[in-house]
Amino acid sequence: MLNFVWLFLLASGVIVAAFTGNIEVVTEAALGAAKGAVEVCFDLIGVMALWLGIMRIAEHGGMVRGLARLMKPVMIKLFPSVPSDHPAMGAIILNLSANMLGLGNAATPFGMKAMKELQKLNPGSDEASEAMCTFLALNTSCITLIPATIIGVRLSFGSSNSTEIVGPCIFATGIAMIIAVSLDYWFRKQANRGRKL
415 MLNFVWLFLL ASGVIVAAFT GNIEVVTEAA LGAAKGAVEV CFDLIGVMAL
465 WLGIMRIAEH GGMVRGLARL MKPVMIKLFP SVPSDHPAMG AIILNLSANM
515 LGLGNAATPF GMKAMKELQK LNPGSDEASE AMCTFLALNT SCITLIPATI
565 IGVRLSFGSS NSTEIVGPCI FATGIAMIIA VSLDYWFRKQ ANRGRKL
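Count along the sequence shown from 1, add 414, and you get the number used in the working numbering.
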């Protein structure tokens with residue numbers, strides 16, 4: 415569906431530009447946007463390489479295991495259907511850790527691994543399990559303590575104070591996570607109550 419929306423927007427823009435005699439504007443905008451995207455990507459390579467390297471060192475140095483032990487009581491409460499020693503729990507914690515550091519690109523492989531492992535606990539079902547829904551809510555609304563990618567983008571565009579976003583980002587993502595976890599808990603209770611009836 416989204417592909418059709420994008421196709422409609424692009425096609426209507428080209429058609430309007432053709433009818434108004436400004437077709438060169440479309441070409442200039444496309445080339446300018448492509449050039450800008452490449453420049454931003456090159457600027458982000460350094461920031462992403464740094465934080466991905468730090469995550470890899472933390473993973474091999476045992477920091478992730480330590481973080482997993484620290485987060486284990488909370489994770490057991492949030493994911494009661496997932497055994498605490500299951501590989502899904504480790505992937506979930508790695509995903510949330512990367513999200514907390516603002517590394518969406520690093521979090522994605524861990525999120526895919528977590529969903530794959532959670533599906534193993536949900537065999538033969540086409541519906542998402544409660545644990546999958548909880549993980550999705552946490553993944554999309556996770557608190558971001560260090561918005562590394564946003565800081566990198568702001569630096570690449572010449573921001574004079576690229577880290578001023580940290581406080582508002584922590585506040586906004588913290589509120590979003592509280593709301594998402596609360597709604598997930600409420601919907602889970604409603605679903606369980608409906609099954610008992």
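Cβ coordinates follow ideal geometry from the N, Cα and C atoms, glycine included.
Extract the residue ranges of the alpha helix (DSSP H) inside the region 446 to 503, only unbroken runs of 4 or more that lie entirely within it.
477 to 492
Around the Cβ of Ile429, are there at least 16 other Cβ atoms within 10 angstroms (buried) or fewer (exposed)?
exposed
For the structure I just gave you, are there three or more beta carbon pairs, one from the region 552 to 560 and one from the region 581 to 592, closer than 8 Å?
yes
Indicate whether Asn509 and Phe493 have their beta-carbon atoms separated by less than 8 Å.
no
Taking Cβ to Cβ, would you say Ala586 is nearer than 8 Å to Leu535?
no
First through last residue of the alpha helix (DSSP H) which encompasses Phe524:
518 to 534
Short Cβ contact (8 Å threshold) for Ile560 with Gly516
yes
Does the beta-carbon of Ala528 have 16 or more other beta-carbons within 10 angstroms, so that it is buried, or is it exposed?
buried
Unbroken stretches of the alpha helix (DSSP H), 4 residues or longer, contained in the region 541 to 578:
544 to 555, 562 to 570
Give the DSSP-derived three-state secondary structure of Gly538 in the structure shown.
coil
Which of the three DSSP states is assigned to Gly435 in this structure?
coil
Mind the definition here: the region 544 to 553 touches the region 595 to 609 only if three or more C-beta pairs lie below 8 Å; say whether that holds.
yes
What's the C-alpha gap between Ala545 and Phe433?
52 Å
Taking the straight line between their C-alpha atoms, what separation do you get for Pro537 and Met415?
29 Å
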